[in-house]
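Right, one structure below, let's go through it.
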Amino acid sequence: MNAQELDGILEKASELKVFFEFGQKTLPALEEVGSFVQQIGPLVDGIRSLSAITSERLPKATAQLERVNLSSEKASNDILNTVDRMMNQVEDLKRQVRSHLGAENLVESSRDVHAAIDTIAAKLPADTDLTSLLSAWDLHRQSISALQPSSALSASLEQLSDDCTNVMMAQQVQDITGQQIASVIGLMQAVGDVLRRLVADIGEAAPVESPEPVAPADAAVPPQGFVGADERKRMVEALLAKARSGDLRSNP
Amino acid sequence: MASMKFLVVDDSITIRRIITNTLKTIGYSEVVEAANGKEALDKLAAVAIDFIITDWNMPEMNGLDFTKEVRNASATAELPILMITTRGTESDVIEALQAKVNSYIVKPFTPQELKDKIDEIVKVTSVNAA
């Protein structure tokens, strides 16, 4: 072995030393990578299992919510149809009551006739026909009085009319909840889109075209419901007053 | 002003019926309905309207864009517009007022509220027109 060959061997040994040193340094890092892969294994499996949720359960839940919306809208319209009929009937009854009330002078004139017959009968006490006429007319007068609608009936009809209006106005809740449900549907679809892309990225499925959102885009802002309604109305009125006085600031 | 013709714009049939019935109860029987802003613009082109009541959240064209279209057209620029919507944040109201709605109601509303708002808008617009 000459000196040149010895130098070559030493050079190789030096390279091997560097390699082993590098190996010693990178080994812990490689172990960490291995451990990381072991740890994220279940996570990847979990993401893969989302495939079933995104492809079946989310669309099914969305469809169910849409059916809830349609059913409640149909129910509201059925209620409004009934309320319409009731309101029409109440209005008819109110008209009839008003026309009967207009005939109250009939009671008055019947009373006058009764008084006249009574006067004549007092002057001719022996006339049995007059006595019979008097009692017959008395019955007639009582019948006419009984036919007159009481003021309580008018009040009841007014109350019925107000109740019908209240039932009608309460149907607004269908629109309010409908918009909230539409917002939830929009959110579910957005989450579904993200999950589908995630599942596709880890190679489990081809990217799926997202369905058309059912809710209008700006319905994503949920309605505030009934809580604090008075306070909100006050805020609206204050802003309207500012707008009228030209003091409305720019959109914050 | 009982002869005024109203245009009621809302994608909810329920709300259109409620507003139309309420208008009739308070003495306004001439009502034209539309389900969104686009349909409402078509109705405005075909029928002479005196007063617009519109929702905000609607498909095709929302109430805010519809209001801007109405204000940008010389034939309809001065029409009174009342917005009735579920959107009730301060920034919503400001945005609607900047689009030049005349007034604003947050749902749910009462018949009296609707009547008061209409009366108020009619009074203000009559004074301004005089």
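Protein chains in written order, with this note's numbering: chain Y, 11 to 262; chain D, 299 to 428. Ideal Cβ positions, reconstructed from N, Cα and C, are used throughout, including at glycine. Note that the structure is predicted; figures quoted are calculated from it, not measured.
Below the 8 Å Cβ cutoff, chain D contributes Leu395 as neighbours of Y/Ala253, in chain order. DSSP lists D/Val306, D/Leu380 as the bridge partner or partners of D/Ile351. D/Ala371 and D/Phe364 have their C-alpha atoms spaced approximately 11 Å apart. Within its own chain, no residue has a Cβ closer than 8 Å to the Cβ of Y/Glu42 once the five positions on either side in sequence are excluded. Of the residues assessed, Y/Thr138 falls on the exposed side of the cut-off, its CB having fewer than 16 other CB atoms within 10 angstroms. The alpha-carbon separation between D/Leu377 and D/Val345 amounts to approximately 13 Å. Selection Y/Gln184, Y/Gln199, Y/Glu241, Y/Ala200 evaluated against Y/Asn79 yields Y/Gln184 as nearest (Cα-Cα). Fewer than three pairs of CB atoms, one per stretch, sit closer than 8 Å, so the stretch 139-155 of chain Y makes no contact with the stretch 62-80 of chain Y.
At least 8 Å separates the beta-carbon of D/Asp340 from that of D/Thr383. With the criterion set as a beta carbon lying under 8 Å from some beta carbon of chain D, the members of the stretch 71-94 of chain Y are Glu83, Ser86, Asn87, Leu90, Asp94, in sequence order.
Of the candidates Y/Asp102, Y/Lys133, Y/Gln152, Y/Val177, Y/Gln152 places its Cα closest to the Cα of Y/Ser120. In this structure the stretch 399-416 of chain D touches the stretch 179-199 of chain Y; the number of beta carbon pairs closer than 8 Å is three or more. By the C-beta density criterion, Y/Gln181 is buried, having at least 16 other C-beta atoms within 10 angstroms. In summary, D/Phe304 is buried, with 16 or more beta-carbon neighbours lying within 10 Å of its beta-carbon over all protein chains present. Residue burial is scored here from C-beta neighbours: D/Ile313 has at least 16 other C-beta atoms within 10 angstroms and is therefore classed as buried.
Per DSSP, the beta bridge partners of D/Ala332 are D/Val307. Residues Leu258 of the same chain have their beta carbon placed closer than 7 Å to that of Y/Lys252, with the five preceding and five following residues left out of the count. Look at the beta carbons and you see the stretch 191-199 of chain Y not touching the stretch 323-336 of chain D: under three pairs across the two are nearer than 8 Å.
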